[in-house]
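In our numbering, the protein residues as written are 71 to 503.
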C-alpha cells in the first residue's frame, strides 16, 4: 500500500464522530467480515448505510487467518476474492496431524491472509459501494422507539473520547465479534463466557517457506483438549497458535468424556507444548523471528450464546456464534450471516412486510446452517481424544472415498444424513465405500 492510498483509506474509513449523521437506513455496528459484508450488499442495493467500528482501520484482529471453501464462496459473491487471493497465500490442503506424527492432507480451496489485510479489503469494498464508515467509535447503548412495548431498537448512542452522539436507523445490525459487551447492552447475550479461547502470533522463518505449504493442524495429548496450527501467510511469514474449545461445558458420555471448562487454561504453556510435541512448530519457533506480540482472544461458536434478533435489530457474525467449535474457523460463516442479514432487509424493502416476519426470515436462514455446526460440534470430540486423529489417518489411507468424504465436509458438498452421536461421526469416516 502506498502512503497516498493509506492516507485515502484513513480519511474514508476513519471518519470522526462530529461527521456522524443523525439518521440512516441501516446502522452496522462492527466493520469485520460480517459487518462489512452486510454493509456492502445493502449499500449496493441503495440503502443509506452507516458502519462504525471501535478501532481505526487498518486494525489487527486475533485470528488463525485461514480461509476455507465457505469463505472463498462468500468473497467471490462480494467481488473481492481475486484481490484477497492476490494479497494472500493460497494452499491446496489442510493437513491433519495425529499424536504419532501420521498425516492426512484433506484437499480444498484454501488460503491464508492476515485479518488486518482481509478486513481492510472488505471494509474498503463496503465504502466503495456507498457505505459510510466512522471509526474509532464505541457503541454504548441502543435507542428504543415508542412502540407499545418500548422494545424496538431505532438507533444507537455512540461515543469517542468522552463525547457522545445519537444516530437513528430503521434497522441496526450488530456484528461486534466475540466480546459480549454490545450484546449485553441490548439485552441479547445468553452466555457471557466464550465457547473457546485461542492465542496466536506471527513468525518470520524463510527456511520453512517451501516446507510448510498447507494449513497444518496438529493434535497431541500434551495440548490438553486443544490443538495447534501453523498457517503459511507467504514470504516466509507464518501464523502459529493453539486453541481450546470446551463444547459449551457439555459432557460427552458417548466416549467416556468429562465436562470441560475454561478455568486453568494456560495458552502460552500450550504453545510451548505444541513446539515440544510437533517438530515443525519447534523449528519454526526455535529459529524464527517473532513479528509483533502473542495475542489471545475468545471465540463464540455453534450459533449459541446470543439471540439472533429483536425488533429493529439483527445479530450477525461471531456475535451470533458463527465460528465452528472444532476448528475455530469462522470467517466464512461470519461473511455468510452478514450477507443473510443484508439480503433479508433488501427482500423486505422490495416486498414490504412487518418486522416480525423480517426477523423470522432471518432467524430461519441462520438456523438452516445448524446441521453443519452439529457436525463440527460432534467432531470436537477429537480435541479431547487426539488418538482419534491417528485412526482417521489410518482410515483415510485405506480408502480414497473416506478422504473424499472428509473433503466433502470441508467444502460442504457432503453432509451425513444422520449425525446424532459420536458413533455416527465415526461411521462417517470409517464406513465402507
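Built from N, CA and C at the ideal position, the CB exists for glycine as well.
Apart from the five residues on each side of it in sequence, which residues of its chain come closer than 6 angstroms, Cβ to Cβ, to residue i?
i           : result
residue 128 : 186, 190
residue 484 : 475, 478
residue 326 : Bear in mind that a pLDDT of 36 at residue 326, under 50, signals an unreliable position, so the model cannot answer this.
residue 194 : none
residue 144 : 402, 405, 406
residue 201 : 109, 113, 119, 121
residue 304 : 159
residue 381 : 221, 222, 425
residue 106 : 192, 193, 196
residue 347 : 290, 292
residue 250 : 259, 262
residue 255 : 211
residue 86  : none
residue 423 : none
residue 466 : 174, 472, 473
Under 8 angstroms between the Cβ atoms of residue i and residue j?
i           : j           : result
residue 96  : residue 239 : yes
residue 433 : residue 379 : yes
residue 463 : residue 174 : yes
residue 211 : residue 227 : yes
residue 387 : residue 178 : no
residue 168 : residue 451 : no
residue 142 : residue 151 : yes
residue 253 : residue 389 : yes
residue 408 : residue 199 : no
residue 248 : residue 395 : no
residue 182 : residue 365 : no
residue 411 : residue 384 : yes
residue 264 : residue 429 : no
residue 261 : residue 375 : yes
residue 339 : residue 164 : no
residue 83  : residue 203 : yes
residue 98  : residue 246 : no
residue 243 : residue 91  : no
residue 473 : residue 176 : yes
Which residue wins for smallest C-alpha separation from residue i, given the options the options?
i           : options            : result
residue 134 : 268, 417, 377      : 268
residue 413 : 81, 86, 114, 91    : 114
residue 19  : 130, 440, 224, 259 : With the chain represented from 71 up to 503, any question about residue 19 goes unanswered, as that position is not in the structure.
residue 206 : 184, 168, 126, 454 : 126
residue 295 : 301, 313, 345, 286 : 313
residue 397 : 156, 289, 281      : 289
residue 355 : 285, 366, 341      : 341
residue 297 : 482, 335, 83       : 335
residue 438 : 480, 373, 232      : 373
residue 352 : 184, 111, 224, 310 : 310
residue 282 : 271, 301, 270, 272 : 301
residue 393 : 140, 299, 146      : 140
residue 344 : 441, 209, 286, 231 : 286
residue 93  : 415, 440, 241, 234 : 241
residue 367 : 358, 299, 270, 415 : 270
residue 184 : 166, 216, 308, 257 : 308
residue 257 : 357, 153, 377, 233 : 377
residue 481 : 157, 162, 79, 124  : 162
residue 440 : 461, 391, 456, 467 : 391
residue 456 : 209, 172, 215      : 172
residue 232 : 225, 116, 208      : 208
residue 136 : 299, 213, 448      : 299
Which partner residues does residue i have in the DSSP bridge list?
i           : result
residue 371 : 393
residue 302 : 308
residue 360 : 273
residue 175 : 165
residue 286 : 165, 300
residue 93  : 238
residue 259 : 376
residue 159 : 182
residue 203 : 121
residue 213 : 225
residue 208 : 229
residue 85  : 204
Less than 7 angstroms between C-beta atoms, sequence neighbours within five positions excluded: which residues of the same chain meet that for residue i?
i           : result
residue 306 : 274, 275, 276, 279
residue 155 : 181
residue 81  : none
residue 235 : 87, 90, 228
residue 358 : 273, 274, 275
Mind pulling the beta strand (DSSP E) runs of 3 or more residues that sit fully within the segment 215 to 255? 223 to 230, 233 to 244
Whole runs of the alpha helix (DSSP H) within the segment 109 to 147, excluding any shorter than 4 residues: 139 to 147
Uninterrupted beta strand (DSSP E) stretches inside the segment 377 to 450 (no shorter than 3 residues): 383 to 385
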